[in-house]
Amino acid sequence: MNTCIIGIGSNIDAERNIAEALQLIGKSCTILQTSTMLKTKPIGYTAQSDFTNGAVKIETNLSQEELNLYLKDVEDQLGRDRTQHKYGPRTIDLDLMVWNGQLIDQDYYTRDFLRQSAAELGFHASNKE
């Protein structure tokens, strides 16, 4: 069994899309804990609505590659438009942040909300790898 933390974000109907994403993730994984959802300013492309960001801690039998593919499928099911600006508006953004205690998303070091959400779920990384 693998324990993971997934970063979650949305700025298009965020409350509904985050709830639906969690429901879909729960179909293939066991949700252990969800962090507080935080309002954050957009990064990079600022001419858009604020984001709602947080994280979810799960257990899964999927491999890391399978989980990443599953998360992309969930994004697609919720209408994620990958033709938009890289930091543009999105219905849902799901990023694998921690895999079995190992940090795999380096954005953790540059985004306060990721560190705060991960800490709430019991993960702390002290130094940049």
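Residue numbers (the numbering used here): -14 to 114.
We put the CB at the ideal spot given by N, CA and C, even for glycine.
Keep in mind it's a predicted model, so treat the numbers as computed, not measured.
Alpha-carbon spacing of residue i relative to residue j, whole angstroms
| i | j | result |
| --- | --- | --- |
| valine 83 | alanine 104 | 11 Å |
| methionine -14 | valine 41 | 16 Å |
| leucine 54 | alanine -1 | 22 Å |
| aspartate 61 | alanine 110 | 31 Å |
| isoleucine 16 | isoleucine 3 | 14 Å |
| threonine -12 | isoleucine 43 | 6 Å |
| threonine 31 | methionine 22 | 20 Å |
| aspartate 90 | glycine -8 | 9 Å |
| lysine 117 | asparagine 46 | Past the boundaries of the shown model lies residue 117; the chain is included only from -14 to 114, so the question cannot be answered. |
| arginine 75 | serine 48 | 26 Å |
| asparagine -4 | threonine 95 | 20 Å |
| serine 34 | glutamate 50 | 31 Å |
| glutamate 114 | lysine 12 | In this prediction, glutamate 114 has a pLDDT of 46, which is less than 50 and means its spatial position is unreliable; what the coordinates show is noted afterwards. About 33 Å. |
| phenylalanine 36 | phenylalanine 98 | 11 Å |
| leucine 63 | tyrosine 93 | 24 Å |
| isoleucine 10 | serine 102 | 18 Å |
Nearest neighbour of residue i, chosen from the options [CA to CA]
| i | options | result |
| --- | --- | --- |
| glycine -6 | Cys14, Ser20, Ile16, Ser13 | Ser20 |
| glutamine 87 | Thr95, Arg100, Asp78, Phe108 | Phe108 |
Start and end residues, beta strand (DSSP E) containing residue i
| i | result |
| --- | --- |
| lysine 57 | Element bounds for lysine 57: not the beta strand (DSSP E) but the alpha helix (DSSP H), 49 to 62. |
| asparagine 38 | 36 to 45 |
| aspartate 90 | Aspartate 90 -> no beta strand (DSSP E), and no H or E assigned at all. |
Cutoff 8 Å: residue i Cβ touching any chain D Cβ
| i | result |
| --- | --- |
| leucine 81 | Any reference to chain D falls outside this structure, which holds one protein chain only. |
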